[in-house]
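Here the structure comes first, spelled out in structure tokens, and everything after it is commentary.
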Amino acid sequence: MTTKARAKVHVRKGDLVEVRKGADRGKRGKVLQVYPREGRVVVEGVRLIKRHTRPSRTNPQGGVVESPAPIQAANVMLVCPSCNQAVRYGKDRSGEQVVRVCKNCGKTID
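In case it helps, the working numbering puts the sequence shown at residues 5 to 114.
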């Protein structure tokens with residue numbers, strides 16, 4: 005039996021990220037969902053797919069609906085709110101809480 009190690013996703017729900025690779029390179033958006041087992045994230049406005057839906061009670065008009073699809077978490081970088089750049093971050097243990105710290109400017113991200 006093979007067990008695949010779960011990839012740790014470096015972003016959280018609600019983070020502002022920038023896409024670093026792929027067709028949507030350079031786009032920024034908020035993380036809507038995180039799938040740690042698959043190593044994927046859903047980013048607002050990135051990799052929009054079109055679904056053709058029939059009319060239903062929830063969507064009485066039907067038609068073409070655009071929704072974001074998951075992308076690889078390794079293809080996004082966290083955007084620091086203070087320096088407004090895609091950055092790497094470190095962790096700082098101040099007291100009992102662990103906070104994320106920007107590697108460029110040194111300010112806390114959380």
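Every residue gets a Cβ at the ideal spot worked out from N, C-alpha and C, and that includes glycine.
Apart from the 5 residues on each side of it in sequence, L36 sits with its Cβ closer than 6 Å to the Cβ of V46 and E48 in its chain, given in chain order.
Around the beta carbon of E22, 16 or more other beta carbons lie within 10 angstroms, which makes this residue buried.
Here DSSP, grouped into helix, strand and coil, assigns A90 to strand. For G67, the enclosing beta strand (DSSP E) stretches over residues G67 to P72.
Each of Q101, G110, G43 and A77 was checked against the Cα of L20, and the nearest Cα belongs to A77. In this structure V80 is in contact with R24, their Cβ atoms being roughly 6 Å apart against a cut-off of 8 Å. The closest CA to that of G33, considering only T112, D114, Q89 and C106, is found on Q89. H56: member of the beta strand (DSSP E) spanning L52 to T57, first to last residue.
In the DSSP assignment, the residues bridged to G33 are V21.
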